[in-house]
Every structure is written in C-alpha cells, then in structure tokens.
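One structure is given below, encoded as structure tokens.
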Amino acid sequence: MWETCSVELKVRLPRDIAEQAKEAQETDPEFLSRVVLYGMTRRSIYRHLRDQNHAQDSQPLREGL
10 MWETCSVELK VRLPRDIAEQ AKEAQETDPE FLSRVVLYGM TRRSIYRHLR DQNHAQDSQP
70 LREGL
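Here is the structure:
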C-alpha cells in the first residue's frame, strides 16, 4: 500500500484519554496508527480545500457570469 516509517509523537491529552491511548498502544498499536493516519488525512484534505478556496477568493471576479 504505502511505504511506512516509524515516528515518535509526544502529545498532551486529558488523563482518561491518555490512559486509553497507552492501553491501545500496548494492545493494538495498529489501531492507534490508523487513528493518527485518519486525523492527518483529514487535516491534509482540509488544508487543500482551504488553500483552494483562498486561491479562488483572490482571483478577480469576472462580470457577466
């Protein structure tokens, strides 16, 4: 599918969520990887759409359309 590599993340989470993340890391690290992949993909799509919208907004309006 994709070429992958390991990364080390350090995040601050509410205590109860942090405990769940630690448990998931120990019991199902693939799940945690998919969660991060999902979040980063959404972020990438959002940025792309935002940048596309800004580019359209900066173009002068053409009259008669």
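Just so you know, we're using the working numbering here: the sequence shown kicks off at 10 and counts up by one.
Don't be surprised by glycine CBs; every beta carbon is placed ideally from N, CA and C.
With residue i as the anchor, note down where its alpha helix (DSSP H) starts and where it stops.
{"i": "residue 49", "result": "38 to 67"}
Candidates the options: which alpha carbon is nearest residue i's?
{"i": "residue 15", "options": "39, 24, 33 and 59", "result": "39"}
{"i": "residue 18", "options": "10, 12, 11 and 27", "result": "27"}
{"i": "residue 13", "options": "20, 21, 43 and 23", "result": "43"}
Please list, in chain order, all residues of the same chain as residue i whose beta carbon is under 7 Å from its beta carbon, the five residues on each side excluded.
{"i": "residue 31", "result": "none"}
{"i": "residue 60", "result": "none"}
Hey, would you say residue i sits closer than 8 Å to residue j, going by beta carbons?
{"i": "residue 33", "j": "residue 46", "result": "no"}
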